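Asks: The structure that follows is given in the form of C-alpha cells.
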Amino acid sequence: MFPILLSIFFPIAAGVFLLIRYRTPLSGEKRNTDRKALLLLTGCFLVITAAFAVAALLTGTGKDGFILFNLTKTLPVYFRIDSVGTLFSLLAVIVLPFAGFFSFEYMKHEERESRYYGFYLLAFGVLNGLCFAGNLITFYLFFELLTLSSMPLVMHSGSKEAVMAGLKYLFYSLCGAYAALFGIYFLYRNCDSLTFTAGGALRASAVAEHGGFLLVTAFVMLLGFGVKAGMFPMHAWLPTAHPVAPAPASAVLSSVIVKAGVLATIRVLGMFGTNFLRGTWVQTAWIILTLITVFMGSLLAYREPVLKKRLAYSTVSQLSYILFGLAVMNETSRTGALCHVLAHGFVKAALFLCAGAIIYKTGKTRVGEMRGIGKEMPLTLWCWTIASLGLIGIPPTGGFVSKWYLALGSLKSGLPVFDVLGPVILLLSALLTAGYLLPLTIYGFFPGADYDYGSLQKKEPCKLMIVPILILTILSVLIGLFPDIIASTIDMAITGR
Amino acid sequence: MGQNLFANYGEAVSAILFCIGFTNLLLQTNLIKKIIGLNIMDSAIYLFLAEKGYIAGRVAPIVVDNVTSTKAYINPIPSGLVLTGIVVSVSVTALMLSLTIRLYTRYHTLDLDEISTQLKREGK
Amino acid sequence: MNFICNFPFFSILLSLFSGTICSVLPAKAAKVVNRAVIIAVGLMSAVLLLYLLSTGEPFIYWMGHFPAPWGNEIRAGVLEAGMALFFCMIMYLSMAGGAHKLPGEVVESKHNLYYILVNLLLSSLLALVYTNDMFTAYVFVEINTISACGLIMIRQVGRTIEAAVRYMIMSLLGSGLLLFGLCIMYDLTGHLLMSNIKESVGLIMANGEYQIPLIVSVALMCIGLCIKSALFPFHAWLPDAYGYSTVSSAAILSSLVSKGYIFLLIKIIYRVIGFDIFNNTRIIDVLFVFGLMGMIFGSLSAIKEKDIRRMIAFSSVAQIGYIYMGFGMGTQAGMVASVFHILSHAATKSLLFVAAIGLTDVSGGSRKFIDLTGAAYRNKWAGVAFTAGSLSMVGVPLFSGFISKLLFAQAAVQVEGKMLASLIVLGISTVLNAIYFMKTVLRIYATTDEAAYTGITFRDMKAYAVTLVFFILLNVILGVSSQPVVNMIEQGLAMFA
Amino acid sequence: MIILVILIPFITGILVPAIPFRKRWQKEVFLETTVVLNSILVWYLLLHHSDSTFLLAHFTGNLNISFRVDGMSMVFAGLVSALWPFATLYAFEYMTKEKHENVFFLFYTLTYGVTLGIALAANLLTMYFFYELLTLVTVPLVMHTLTREAVLASRKYLYYSLGGAAFAFLGLIMVIVYGSTTDFIFGGVLDPAKTAGKTNVLLLIYVMAFMGFGVKAAVCPFNSWLPQAGVAPTPVTALLHAVAVVKSGAFAIIRLTYYSFGTDFLKGTWAQDVVMAVVMFTIVYGCSRAVKETHLKRRLAYSTISNLSYILFGAVIMTPLGLVGALTHLVFHAVMKICSFFCAGAVMHQTDRHYIHELNGLGYKMPRVFGIFTISALALMGVPGLAGFISKWNLACAAVESGSPLAWGGIACLLVSALLTAIYMLTIVVRAFFPGKDFDYSTVLDIRDPNWKMLLPLFVFTIFIILFGVYSQPIVDFFMSVAAGAV
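Protein sequences, first through last, are from chains Z, B, S and E. Its first residue numbered 0, the first sequence is counted upward by one per residue in numbering that gives the first Met the number 0. Its first residue numbered 0, the second sequence is counted upward by one per residue in numbering that gives the first Met the number 0. Its first residue numbered 0, the third sequence is counted upward by one per residue in numbering that gives the first Met the number 0. Its first residue numbered 0, the fourth sequence is counted upward by one per residue in numbering that gives the first Met the number 0.
This is the structure we're talking about:
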C-alpha cells in the first residue's frame with residue numbers, strides 16, 4: 000500500500016514543492032538562481048519516485064487492492080496493481096527518469112526551469128496513479144490530472160504557438176475525457192461497481208434491457224479515450240503539440256502520456272467485456288477508424304518536412320497499431336498490441352530524444368537541413384537508425400515482434416474483410432514508416448558528393464543527453480531479442496491477474 | 000317590429016334625434032356645433048320623456064273640478080324630470096359656452112383640433 | 000329612527016351648503032371651512048360605519064318622509080359609509096398635499112372658488128354614494144362633472160382649458176347615454192327608485208317580455224359610466240386633464256371622481272339590475288375584454304410617456320382596466336377585488352400625484368424625466384413616497400397593490416373561461432407597471448449634479464411631508480391588514496342585495 | 000428566535016448609517032461582529048431546530064407570514080450564513096476604493112436578513128414576500144456606483160425580477176386556490192379533488208411560475224440582467240449574483256416544484272419536458288456566451304448562468320436523486336463561484352484591470368490569487384477531487400437513473416458545458432501564467448497580492464472546495480435525507 004501511495008504522492012508533493020520553492024520571485028524578493036540544487040533535487044526526486052514505483056511493482060502489496068478514501072459512499076478512490084498496469088507502469092518508470100535526465104541539459108537555456116521540472120514530477124506521479132488505479136473513477140481522476148499536469152509542459156516555451164498548442168491539447172483531451180465521462184455515468188448505473196474486473200462488469204439484466212444504448216455508450220467512450228491516443232478524427236492536437244514542446248517533453252508525451260489513452264481503452268474494454276462488443280457495429284467502426292489512422296498517419300508523416308512534426312504523425316499512426324490490435328479483440332492481437340506499447344514507447348522516446356539532441360545542438364528543425372548530420376553526431380544518428388528499424392519492424396527489434404503478433408491475430412480473427420485488409424494496411428504503413436524515418440539516416444551519413452566537409456564540427460551532445468538515448472535504444476532492441484519475457488508478462492495480463 | 004316602430008313614432012324620432020346629437024357632439028370639431036349637438040341630444044331625451052309621460056286624452060295633473068281619480072291625469076313625474084333635465088343641460092351648456100369663449104379669446108379659433116395643434120406647438 | 004341615520008343626508012347637505020358659503024368668504028376662511036367640512040363629513044361617515052357594522056342592517060332614509068315609490072330616498076349600508084369615509088380621507092390628504100402649490104397654480108382671487116368646487120365635488124360624490132334614486136344620481140353625476148371640470152380649468156393655462164373642454168365633451172357623451180338608458184329603464188319599469196326598479200326588472204326577466212330594451216338600457220348606462228370613468232378606449236381626455244391641472248385636482252380627479260362613477264355602476268349592477276341578471280348578459284364579457292385591453296394599452300402608453308404626471312395619468316387607465324376586469328369576471332370575488340382595488344388605487348394614485356409634484360418642484364418645475372434625475376435626493380420625502388407608491392402599483396407585498404392583485408388573481412382562478420386570459424394579462428401588466436414605475440424610481444435616485452438645484456429639508460414642507468407619511472401609512476395598512484377591509488366589502492356587497 | 004436572525008441584520012443595517020463611527024475600523028468591527036454573531040445564531044437555530052412554525056403576521060384568508068426550519072431551509076440558510084461573514088470581511092477591503100460606504104453596508108446587511116427570510120419561510124406567500132423584498136434591497140447595491148451603466152443595469156435587473164415575480168405570483172395563486180395549504184410540505188400540497196380536470200392549466204401555470212422564479216436563476220431567455228448587473232461592486236456580484244440572489248431563484252423553484260406543486264403531479268408531464276429543455280438550453284447557452292465574453296466579471300456571470308441551470312436541471316429531474324444533485328450543486332457551486340468572483344474582485348481591486356486580455360502575466364505577480372483562481376476553475380470544470388466533480392456526478396447519476404431520454408441528453412449538455420467551462424476558465428489561467436515570450440514584465444511591476452482581509456476568505460473557500468471534493472459523504476448524506484423528505 001505505501002509504496003503505491005508514495006509513488007503517486009511523493010512526486011506530486013515534490014513537484015508542488017519545486018513549484019513553490021523555485022517560483023518566479025515577486026517584486027522585492029530575491030531571486031533564487033541556484034540551478035544546481037534544483038537539478039540535483041529533481042534528479043533525486045525522479046530516482047526516488049522510480050524506486051517507489053518499482054518497489055510497488057515488486058513487493059506485490061497492491062495486488063489485492065485497497066481503498067484510499069471515499070469521494071462519496073459509492074465512489075471509492077481505489078488502487079490495485081494488475082498486470083496491464085504493471086506493463087504501463089514499467090514503461091513510465093523507465094522512460095520518465097531518462098527523459099528527465101536528458102532535460103537537464105536540454106533545458107539549460109530555457110526560462111522558468113523549475114516550472115518545467117515541477118510539472119514533470121507532477122505528471123510522473125499522476126502517471127503512476129493512472130497505472131495503479133483500480134476502478135474507473137480513480138482512473139478518470141488521474142486521467143484528467145494527467146492532461147492538466149502535462150499541459151504546462153507543452154506550453155513551456157511560452158511562445159504564442161506553444162500556448163495555442165497547449166490549449167488545443169487541453170481542449171481535445173478534455174473533450175475526449177468528457178465523452179468518456181458520459182459513458183462512465185451510464186456504466187455506473189449498469190454495473191455492480193466500477194472496479195476493473197476481467198471479462199466485463201455489466202449486469203446481465205442491463206445488457207438485456209438497453210444493450211443498444213450501451214453499445215452507443217461504449218463507442219462514445221472508445222472515441223473519447225481515443226482522443227488521447229490520437230485516433231482519427233481527433234488526432235489533430237498531436238502534430239500541433241509536439242513540435243512546440245521541449246523535446247524531452249515530446250518524448251514523454253509521445254511515448255508514455257498518449258499511452259494513457261491506450262490504457263484507458265483497455266480499461267473500457269475490460270468494463271464492457273470483449274464478449275459484449277465482439278461482432279457488433281462498434282467493433283467494425285472502431286477497426287475502420289484505427290486503420291484509417293494507421294495509414295493516414297504514416298502518409299502525413301511521409302509528407303512532413305519538420306522533423307518533430309513528422310515524429311508526431313508517426314505517433315498517430317503507431318498508436319493506432321495498438322488500438323487496432325485491441326479492436327480485433329483476440330488474444331494474439333492483444334499480445335501484439337501490448338508488445339507494441341512497450342516497443343513503441345522505447346523507440347519513440349529514443350527518436351524524440353535524438354531529434355531533441357539534433358535540434359539542441361544544431362538548431363535545425365527540418366529534415367532537409369540535416370544533410371550530413373551523421374558526420375557531426377554519429378552516435379546520435381546511429382541510435383536514431385537503430386530505433387527507426389525498431390519502429391519499421393525489422394527483426395530482431397521489438398517492433399517486429401509486436402507487428403508479427405498483430406498481423407497474426409488479425410488473420411486468425413475471422414473477421415470479414417478486415418482479417419486480411421488489416422495486415423495489408425499495416426504492411427503498407429510499415430513501408431511508409433521506412434520511407435519517412437530512414438531518409439534522415441541516409442542523408443545524415445551520405446550527404447552526397449557536393450557536401451562541404453570542411454565546415455564539419457564535432458557536435459556530439461554531452462553525456463547527460465547521449466546516455467539516455469543509448470539506454471532507450473538498447474532497450475528497444477532488447478525487448479526484440481528477448482520477447483519471451485515480455486510475452487509471458489503480457490500473457491499474464493491477458494489471463495487476468 | 001315595424002308596427003311597433005310606427006306606433007311609438009315619438010320614441011323612434013327621439014332616438015334618431017339622440018343619435019344625431021350624439022354624433023355631432025362626438026365628431027364635430029367646431030365647438031359651437033358640438034354644443035348644438037349637445038342640446039339636440041338632451042332635447043331628444045326630453046322629447047322621449049315627454050312622449051312617455053303623455054297619455055292621449057288625459058289632462059295635465061292639476062286638480063280641477065275635484066276630479067281626483069288618477070285615470071284622468073297624465074303622470075306628472077316625467078314632466079318633472081324634463082324640467083330638472085333642462086336645468087341641468089342649461090347649466091352645462093353655459094359652462095361649455097364659457098369655456099369656448101376662453102379658448103376663442105386665447106386661440107382665435109373654434110376648431111378643437113386646431114387648438115390642439117397650437118397647444119402642441121406651444122410645447123406646454 | 001336613530002339620529003345617526005340622518006348623517007348621510009347631513010353630510011351631503013353640509014358640503015353643499017358650505018360650498019355656497021365659501022363663495023362669500025375670503026380664501027383663507029374658505030380653506031378652513033373646506034377642511035372642517037371634509038373632516039366633519041369624514042367623522043360622520045365613520046360614526047355611521049360603526050353604527051352600521053353594529054346593527055348589520057342597511058337603512059333607507061326617506062327624503063321629506065314620502066314613502067316609496069313616490070319619495071326620494073337615501074340608502075346607507077356598510078359599503079356606502081365606508082366609501083364615504085374613505086373618500087373624505089383621500090380628499091383631505093390630497094388637499095393637504097397640494098395646498099402649498101395652490102398659490103402658484105391658481106390666481107389669488109379665485110382661491111375661494113376653488114374651495115367651492117371642492118365642496119361641490121364632495122357633496123356630489125356623497126350623493127352618488129348614498130342615493131337610492133336613479134334620477135338623483137343622474138343630476139349629481141352632472142354636478143360632479145361640472146365641478147370636476149371646474150377643478151381642471153381653475154388653473155388657467157391653455158392646456159387645462161382644452162383638457163376641460165375635452166373632459167366635458169366626453170363626460171357629456173357619457174351622461175347623455177346614461178340619461179337615455181335611464182329613461183328607457185324608467186319607461187320599462189315605471190320607477191326611479193333603485194329597489195323598485197329591481198323588482199320590476201326581476202319580473203321582466205321572468206316574463207321574457209321587453210328583455211331586449213332592458214338589455215339596451217343597461218348597456219347604455221354601462222357605456223355611459225365607462226366613458227365617464229375613462230375605461231380604455233374612452234380615455235383620450237384623461238392624460239391632459241390629470242396631467243396639467245393642479246396637484247390636488249389631479250389627485251382628487253384620478254382617485255375619487257372616476258371612482259364615484261364606478262361606484263355608481265356597482266350600485267346599478269347590484270341594486271338596479273341585480274347581480275345575477277347582469278352576469279347573464281354579454282355586457283360583462285365586453286367589460287372584461289376592454290378591461291384587459293385597458294390594462295395593457297394604458298401601461299404601454301405610460302411607458303412611452305416622457306412626462307411624469309402624464310405617465311401617472313396613463314397608469315390610471317391601466318388601473319381602471321383592472322377594476323373593469325374584476326366586473327367582467329362576473330363573480331362575487333371579482334367584485335370584491337374590484338372594490339378593494341378602488342380603495343387601493345385611490346390611495347396609491349393620489350399619493351403618486353402628490354409625491355410627483357414634490358419631485359418636479361425641486362427639479363426646476365420640469366416634469367420631464369431627464370430633469371428629474373436625482374430628484375429624490377433633493378426632496379427625500381417625496382422620493383420615498385413616490386417609491387412606496389410605485390411599489391404598491393407594481394404589487395409588492397406589504398403594500399395595498401399586492402392585496403388587490405392577490406384578490407384579482409384568486410377571483411380569476413375561479414372563473415373557468417376567463418382564468419388564463421386574466422392571469423396572463425395580470426402578469427404582463429405587472430411587468431409593464433414595473434417597467435415604467437421602476438424606471439422613474441431609478442431615475443429619481445440616479446445621481447446628478449446636485450449643485451444645480453437646491454434641496455428641500457423637512458422644515459420647508461412639514462405639512463407636505465406629514466401628508467405623505469399618512470398616505471404611505473394608508474397604503475401599508477391596506478396592504479398589511481386587509482382582512483377587515485375585505486370583510487367589510489363583502490358585508491357591504493351582501494347588504495346591496 | 001427565528002425572527003431574530005432575520006431582524007438582527009435589518010437592525011444592524013439601519014444602524015450603520017445612523018451611528019456616527021469615528022473611525023473606519025470601528026464600523027468594520029461592529030459589522031463583522033454582528034454578522035458573525037448572526038451566523039452563529041443561524042447555525043445554532045439550524046442544529047437545534049424544532050418542527051414548530053413561527054407565525055409572524057396574518058394576511059388575508061388563510062395566508063400568513065410564518066417561518067419554519069426544515070431540510071431545505073437548513074441547506075440554504077446554512078450556506079448563506081456560512082458565506083456572509085467572509086464576504087463581509089472581503090467587502091471591507093474592497094470598499095475602501097468606493098464611495099457611499101454606509102449606504103452600501105446598509106443594504107448589504109439588509110440583504111442578509113432578507114435572504115435568510117427566503118430560506119426560513121414556512122409557506123409560499125412568505126417566501127414570495129421576501130423574494131420581492133430581495134429584489135428591492137439589492138437594487139441599490141447594483142446601482143451603487145451610480146454610473147450610467149449601473150443605472151441601466153439596475154433598471155434591467157428590476158424589470159426582469161419584478162416581471163418574473165409577477166409570473167411566479169400566478170403560481171402562488173394556483174397553490175392558494177388548488178392546494179390544501181400554502182405551507183411547504185415535501186411532496187406538494189395540491190389537492191387532487193380540486194385539481195381534477197384542470198391538470199393542463201395547472202401545468203401551464205407551473206411553467207410560467209418556473210420561468211418567473213427562473214428570472215432570478217437567470218434561465219434563458221431571461222438571463223441578460225445578470226451579466227449587466229456585474230457593474231456592481233464585486234462583493235455584491237460575488238455574494239449576490241453568484242450566491243444569494245440567484246440561488247434564491249433556484250431555491251424558490253425547488254420549493255415550488257417539490258414542496259408546493261409536488262413531483263407526483265409534475266413528473267412525466269409535458270411541463271417537465273418543457274422546463275427541462277429550457278434548462279438544458281441555458282446550460283449550453285450560458286457557457287457559449289461565457290466563452291465569447293471578454294470582460295472578466297461578465298464571463299463569470301455567464302458561467303453562473305450556466306451553472307444555475309445545472310441546479311435547475313437537477314431539480315426538474317424530479318426524483319429524490321435529482322434533488323440531491325441540485326442541492327449539492329447549489330452548495331458547492333456557491334463556494335466555487337464566490338471564490339472565483341473574489342479572485343476576480345481582488346484582481347480588479349489591485350490592478351484596476353477588467354478585461355481578460357489585460358490579465359497577461361499577472362499570475363506571477365499575484366500567485367496566491369491566481370493559484371486559488373486556478374483551483375476554483377478546475378473545480379468548476381469538474382475535475383475529480385474537487386467539489387464540482389461531486390455535484391456533477393450526482394446530477395448526472397440522477398439523470399441516468401431517471402431513465403428519461405431527455406435527461407440523458409441533459410448529461411450531454413452538462414459535458415459540453417464542462418468542456419466550454421474549461422475553455423473559458425483555463426484560458427484566463429493560461430493567460431496569467433503564460434503571457435507569451437515577448438511579454439513586457441515592466442507593465443506589471445508594482446502589482447502584488449491583496450492583504451489578508453481579501454485573502455482569508457479566498458483561502459477558506461479553497462479549503463472548502465478541496466474538502467467537499469475529497470470528503471463529501473456527510474453532507475451528501477444530509478442532502479439525501481432532505482430529498483427523502485426526512486428532515
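Idealized CB from N, CA, C, for every residue including glycine. Just so you know, these numbers come straight off a predicted model, no measurement behind them.
Which stretch, first to last residue, makes up the alpha helix (DSSP H) that contains Ser115 (chain B)?
Replies: From DSSP, the alpha helix (DSSP H) with Ser115 (chain B) extends over 111-121.
Asks: For the segment 144-158 of chain S, list every residue whose C-beta sits within 9 Å of some C-beta in chain A, in sequence order.
Replies: Of the protein chains in the structure, Z, B, S and E, none is chain A.
Asks: From the beta carbon of Ile44 (chain B), is the nearest beta carbon of chain S less than 8 Å away?
Replies: Yes - at least one Cβ of chain S is within 8 Å of the one on Ile44 (chain B).
Asks: Let's test the definition: count the other Cβ atoms within 10 Å of the Cβ of Trp224 (chain E) and tell me whether it reaches 16, buried, or not, exposed.
Replies: Buried, since its Cβ has 16 or more Cβ neighbours within 10 Å.
Asks: I'd like the list of long-range same chain contacts for Phe58 (chain E), defined as Cβ closer than 7 Å, with 5 residues on each side in sequence excluded.
Replies: Closer than 7 Å at the Cβ level, and outside the excluded window around Phe58 (chain E), lie Ile64, Leu124.
Asks: Looking at the secondary structure, which residues open and close the beta strand (DSSP E) in which His57 (chain E) lies?
Replies: Here the beta strand (DSSP E) through His57 (chain E) covers 53-57.
Asks: Can you tell me the Cα-Cα spacing of Asn127 (chain Z) and Phe195 (chain Z), whole angstroms?
Replies: Taking the straight line joining both Cα atoms gives about 17 Å.
Asks: Near Gly84 (chain B), which residues of its chain fall below 8 Å by C-beta distance, leaving aside the five closest residues on each side in sequence?
Replies: Counting only Cβ-Cβ distances below 8 Å, and skipping sequence neighbours, we find Asp41, Ile44, Tyr45, Leu48.
Asks: Taking Cβ-Cβ distances shorter than 9 Å, what residues in chain E pair up with Ile434 (chain S)?
Replies: Simply Arg154, Leu157, Tyr158, Leu161, Gly162.
Asks: Considering Leu75 (chain Z), what are the terminal residues of the alpha helix (DSSP H) in which it resides?
Replies: Residue 75 (chain Z) is actually Pro in this sequence, not Leu. First-last for Pro75 (chain Z): 74-78, but that is the beta strand (DSSP E), not the alpha helix (DSSP H).
Asks: For a contact defined as C-beta to C-beta under 9 Å, what are the partners of Asp110 (chain B) on chain S?
Replies: The premise fails here: Asp110 (chain B) is roughly 12 Å from chain S at the closest Cβ pair, so nothing lies under 9 Å.
Asks: For a test of your reading of the model: does the CB of Tyr103 (chain B) fall under 7 Å from any non-hydrogen atom of the ligand FMN? Yes or no.
Replies: This structure does not include the ligand FMN; it has no bound ligands of any sort.
Asks: Mind listing the chain E neighbours of Phe185 (chain Z)? Cutoff is C-beta to C-beta under 7 Å, in chain order.
Replies: Going along chain E in sequence order, the residues near Phe185 (chain Z) (Cβ under 7 Å) are Val399.
Asks: Using only CA atoms, which one of S:Ile11, S:Glu489, S:Thr429, S:Asp275 lies nearest to Val117 (chain S)?
Replies: Nearest option by C-alpha distance: S:Ile11.
Asks: Run through the DSSP bridge pairs and tell me what Glu161 (chain S) is partnered with.
Replies: Looking at the DSSP assignment, Glu161 (chain S) forms no beta bridge with any residue, so it has no partner.
Asks: Terminal residues of the continuous beta strand (DSSP E) containing Phe181 (chain Z)?
Replies: Segment 159-189 is the alpha helix (DSSP H) holding Phe181 (chain Z); no beta strand (DSSP E) there.
Asks: Mind checking who Met354 (chain E) pairs with in its DSSP beta bridge?
Replies: First, the amino acid is wrong: residue 354 (chain E) is Tyr here, not Met. Paired residues: E:His294.
Asks: Expressed to the nearest angstrom, what Euclidean distance is found between the alpha-carbon atoms of Pro60 (chain B) and Tyr72 (chain B)?
Replies: Whole-angstrom Cα-Cα distance: 5 Å.
Asks: Quick one: what's got a C-beta closer than 6 Å to Ala205 (chain Z)'s C-beta in the same chain, skipping five residues either side?
Replies: Contacts found: Asn189.
Asks: Per DSSP, which one or two residues make a beta bridge with Phe5 (chain B)?
Replies: Note: Phe5 (chain B) sits in no beta bridge, so no partner.
Asks: Would you call Phe123 (chain Z) buried or exposed, if buried means 16 or more other Cβ atoms sit within 10 Å of its Cβ?
Replies: Per the 10 Å Cβ criterion, buried.
Asks: Among the residues of its own chain, which have a CB less than 6 Å from the CB of Leu105 (chain E), if the five just before and after it don't count?
Replies: Correct list, in chain order: Gly12, Val15, Pro16.
Asks: Got a sec: which bits of the segment 51-76 of chain S sit with their beta carbon under 8 Å from any beta carbon on chain B, in order along the chain?
Replies: Cβ contacts with chain B come from no residue of the segment 51-76 of chain S.
Asks: Could you please give the first and the last residue of the uninterrupted beta strand (DSSP E) stretch that includes Thr71 (chain Z)?
Replies: That run of the beta strand (DSSP E) goes 65-71.
Asks: Rounding to the nearest angstrom, what Cα-Cα distance links Val486 (chain E) and Leu477 (chain S) in this structure?
Replies: Answer to the nearest angstrom: the Cα atoms are 37 Å apart.
Asks: Let's see if you can read the secondary structure: which residues bound the beta strand (DSSP E) around Met62 (chain S)?
Replies: Unbroken beta strand (DSSP E) run through Met62 (chain S): 58-62.
Asks: If I follow the unbroken alpha helix (DSSP H) through Ala75 (chain S), where does it start and stop?
Replies: Element bounds for Ala75 (chain S): not the alpha helix (DSSP H) but the beta strand (DSSP E), 71-75.
Asks: Assign Gly103 (chain S) to one of two classes, buried (16 or more other C-beta atoms within 10 Å of its C-beta) or exposed (fewer than that).
Replies: By the neighbour-count rule (16 or more Cβ atoms within 10 Å), Gly103 (chain S) is not buried but exposed.
Asks: May I ask which residues mark the beginning and end of the beta strand (DSSP E) holding Asn63 (chain E)?
Replies: 63-66 is the span of the beta strand (DSSP E), which, as asked, contains Asn63 (chain E).
Asks: Below 8 Å between beta carbons: does that hold for Val346 (chain Z) and Phe323 (chain Z)?
Replies: No, Cβ-Cβ distance for Val346 (chain Z) and Phe323 (chain Z) is not below 8 Å.
Asks: Just to make sure I have the definition right: I need the residues of chain S whose C-beta is within less than 7 Å of the C-beta of Tyr107 (chain E). Which are they?
Replies: Ordered by position in chain S, no residue passes the 7 Å Cβ test against Tyr107 (chain E), which lies about 17 Å from the chain.
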